[in-house]
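Q: The sequence shown begins at 47 in the numbering used here and counts up one residue at a time.
In this text, a Cβ means the ideal position worked out from N, Cα and C, and glycines have one as well.
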Amino acid sequence: MTIELQMLALSAALGLVQIVLSAHATSVQYGYRWAASARDQAMPPLTGVATRLERALSNFMETFPLFAAVILVANVIGRHNWMTAWGAQLYFWGRVAYLPLYAFGVPLVRSIVWNVATIGIIFVLLSLI
Numbered sequence: 047m048t049i050e051l052q053m054l055a056l057s058a059a060l061g062l063v064q065i066v067l068s069a070h071a072t073s074v075q076y077g078y079r080w081a082a083s084a085r086d087q088a089m090p091p092l093t094g095v096a097t098r099l100e101r102a103l104s105n106f107m108e109t110f111p112l113f114a115a116v117i118l119v120a121n122v123i124g125r126h127n128w129m130t131a132w133g134a135q136l137y138f139w140g141r142v143a144y145l146p147l148y149a150f151g152v153p154l155v156r157s158i159v160w161n162v163a164t165i166g167i168i169f170v171l172l173s174l175i
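As structure tokens, then:
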């Protein structure tokens, strides 16, 4: 398996981790009885770590399809070079670093790390041209 596909698989696993963390934080805030219910009643907005984990997950879900698409296209056309390898790793490790930075509310550094992950997608995309 190429490094690019490894990073794609690890990124999918990271997405699953984010889903579980966000769901757990929401359940802690609203209660597990609510989590096990049909959730028909209106609830107050999430706060603190729960809301930050929810936003981090939403952000991941916005970028992951783009990352997956460019990695899969690179794989199909057999494009594996320094740009695809670095791009895949920048995306994955950037997203790994982004999660705790967002969860703990670290400003500025979080935005810089987001840009690192985005540059990873750009590297892979540019390698396709």
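Classify residue 142 as helix, strand or coil using the three-state DSSP reduction.
A: Helix.
Q: When the Cα atoms are used, what is the spatial distance from residue 114 to residue 67?
A: For residue 114 and residue 67, the distance between alpha carbons rounds to 22 Å.
Q: Is the beta carbon of residue 110 closer than 8 Å to that of residue 61?
A: Yes, the Cβ-Cβ distance between residue 61 and residue 110 is below 8 Å.
Q: Are the beta-carbon atoms belonging to residue 149 and residue 98 less than 8 Å from one another?
A: Yes, they are a contact pair.
Q: Only counting the same chain, and skipping five residues up and downstream in sequence, which positions put a Cβ closer than 6 Å to that of residue 56?
A: Closer than 6 Å at the Cβ level, and outside the excluded window around residue 56, lie 138.
Q: My understanding is that residue 134 touches residue 49, with C-beta atoms under 8 Å, so please give their C-beta distance in whole angstroms.
A: Yes, they are in contact, since the Cβ atoms of residue 134 and residue 49 sit about 6 Å apart, within 8 Å.
Q: For residue 116, would you say it is in contact with chain B, using Cβ-to-Cβ distances shorter than 8 Å as the test?
A: Absent from the structure is chain B; it holds one protein chain and no more.
Q: Beta-carbon within less than 6 Å of residue 71's beta-carbon, same chain only, minus the 5 sequence neighbours each way: which residues are those?
A: So the list reads 95, 96, 99, once near-sequence residues are dropped.
Q: Taking C-beta to C-beta, are residue 170 and residue 129 nearer than 8 Å?
A: In this structure, residue 129 lies closer than 8 Å to residue 170 by Cβ.
Q: Would you kindly report the start and end of the unbroken alpha helix (DSSP H) that includes residue 110?
A: Taken as a continuous stretch (DSSP letters only), the alpha helix (DSSP H) holding residue 110 covers 94 to 122.
Q: In its own chain, which residues sit with a C-beta less than 7 Å from the C-beta of residue 147, not counting the 5 before and 5 after it?
A: Closer than 7 Å at the Cβ level, and outside the excluded window around residue 147, lie 155, 156, 159.
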